[in-house]
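Structure, as structure tokens:
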Amino acid sequence: MDGESLYCPNQRCRYYGRPFFQGQLGKNGSSHGQKQARCGACETCVSIRYGTAYLDLHAAPAIFEPAVRALAEGNAIRATARIVQVDKDAVCVWLDRAAQHCRLLLLYLWRDLHVIECQLDELWSFVPTKHHQWPCARLFDETSGEAWVWVAFAPVWRLVLAFVIGKRTQKSADLLLERVLHVTDAPIPFFTSEP
348 MDGESLYCPN QRCRYYGRPF FQGQLGKNGS SHGQKQARCG ACETCVSIRY
398 GTAYLDLHAA PAIFEPAVRA LAEGNAIRAT ARIVQVDKDA VCVWLDRAAQ
448 HCRLLLLYLW RDLHVIECQL DELWSFVPTK HHQWPCARLF DETSGEAWVW
498 VAFAPVWRLV LAFVIGKRTQ KSADLLLERV LHVTDAPIPF FTSEP
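If you want the numbering used here, it's the 1-based position in the sequence shown plus 347.
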């Protein structure tokens, strides 16, 4: 792992957000078997894995990495578990860990896209719930039962800009447009949709 992108995690520190060599971070041994660094300005210690999918990972990177690569190539969870010789539940946890990290990274990098045309569409689906679980499911998940997937697509780039899963309401439509606004630059794109 490359520590050059590591920075002080203390938001009150004047070196917060500055890369390792521009800030006051220095090597500080290890804690619980994981290398760490210490900020010379505020004395905060940080794991060298901070800000990565490896933070607090209890598996060897030599097993985790091939599993994530196999999943990214389209292998099934059980097949991936057989390839790296671990339990399928561990692979599920790793898939969630990698997906959460990818989501955070995408949200950080996915901005100021210059979009000149945006196509809007929706897709109806049904999320089944057993009849006796219906009242409880409705309390915790508004997409139980009838669900709509709202999509904003940039055809020039063949890129999904944003999506929303929810009911067919004005609130969901507004949320989709807010997400499009969040990832695009100032000009308002030309919107198209089917009637």
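Glycine residues also receive a C-beta, built at the ideal position from the N, C-alpha and C atoms.
_Comparing C-alpha positions only, which one of Gly364, Gln466 and Glu412 sits nearest to Pro502?_
Closest option to Pro502, Cα to Cα, is Gln466.
*Below-8 Å beta-carbon distance, Glu525 vs any chain C residue*: The chain inventory of the structure shown lacks chain C, comprising one protein chain alone.
*When you compare each of Leu404, Ala509, Tyr362 and Ala407 to Leu460 by their alpha carbons, which one comes out closest?*
The shortest Cα separation from Leu460 among Leu404, Ala509, Tyr362 and Ala407 belongs to Ala509.
*Where does Lys382 sit, in a helix, a strand or coil, going by DSSP?*
Lys382 sits in a strand when the DSSP states are folded into three classes.
_Rounded to the nearest angstrom, what separates Pro534 and Val527 at their Cα positions?_
A straight-line Cα-Cα distance of about 12 Å links Pro534 and Val527.
*Compute the distance between the beta-carbons of Ile410 and Val431, then report whether it is under 8 Å.*
With contacts defined by Cβ atoms closer than 8 Å, Ile410 and Val431 form a contacting pair.
*On the three-state DSSP scale, how would you describe Asp468?*
For Asp468, the secondary structure class from DSSP, reduced to helix, strand or coil, is strand.
*Label Val507 either buried or exposed according to how many other C-beta atoms from any shown protein chain fall within 10 Å of its C-beta, with 16 as the threshold for buried.*
It is exposed - the Cβ of Val507 has fewer than 16 other Cβ atoms within 10 Å.
*Do three or more CB pairs link the region 440–455 to the region 407–425 at distances below 8 Å?*
Contact between the region 440–455 and the region 407–425 is established, with three or more Cβ pairs separated by less than 8 Å.
_Cut-off 8 Å between Cβ atoms - residues of its own chain near Val433, not counting five sequence neighbours on either side_ = Hits under 8 Å: Ala406, Ile410 and Ala414.
*Of all the alpha helix (DSSP H) runs that stay within the bounds of the region 402–441, which reach a length of 4 or more residues?*
Listed in chain order, the complete alpha helix (DSSP H) runs (minimum 4 residues) inside the region 402–441 are 408–419 and 424–431.
*State buried or exposed for Ser472, treating a residue as buried only when at least 16 other CB atoms are found within 10 Å of its CB.*
Exposed is the call here.
*One or two residues paired with Ala501 in a DSSP bridge*: As DSSP reads the structure, Ala501 sits in a beta bridge with Leu506.
*Which one of Val462, Ser377 and Arg429 has the shortest CA to CA distance from Phe537?*
Minimum Cα-Cα distance from Phe537 among the listed residues Val462, Ser377 and Arg429 corresponds to Val462.
*asked:* Among Arg385, Asn375, Cys386 and Asp532, whose alpha-carbon lies nearest the alpha-carbon of Glu464?
replied: Minimum Cα distance to Glu464 is reached at Asp532.
*What are the boundary residues of the beta strand (DSSP E) that Val393 is part of?*
From DSSP, the beta strand (DSSP E) with Val393 extends over Cys392 to Ser394.
_Would Tyr362 and Cys386 be called neighbours here (beta carbons separated by less than 8 Å)?_
Yes, the Cβ-Cβ distance between Tyr362 and Cys386 is below 8 Å.
*Using only alpha-carbon positions, find the residue among Trp495, Trp457 and Glu541 that is nearest to His529.*
Comparing Cα-Cα distances from His529 to each of Trp495, Trp457 and Glu541, the minimum goes to Trp457.
*Ignore the nearest five residues each way along the sequence and tell me which others in Asn357's own chain have a CB closer than 8 Å to its CB.*
Cβ within range, chain order: Tyr363, Cys386, Cys389 and Thr391.
*Per-residue DSSP class, three states only, for Val527*: It is helical.
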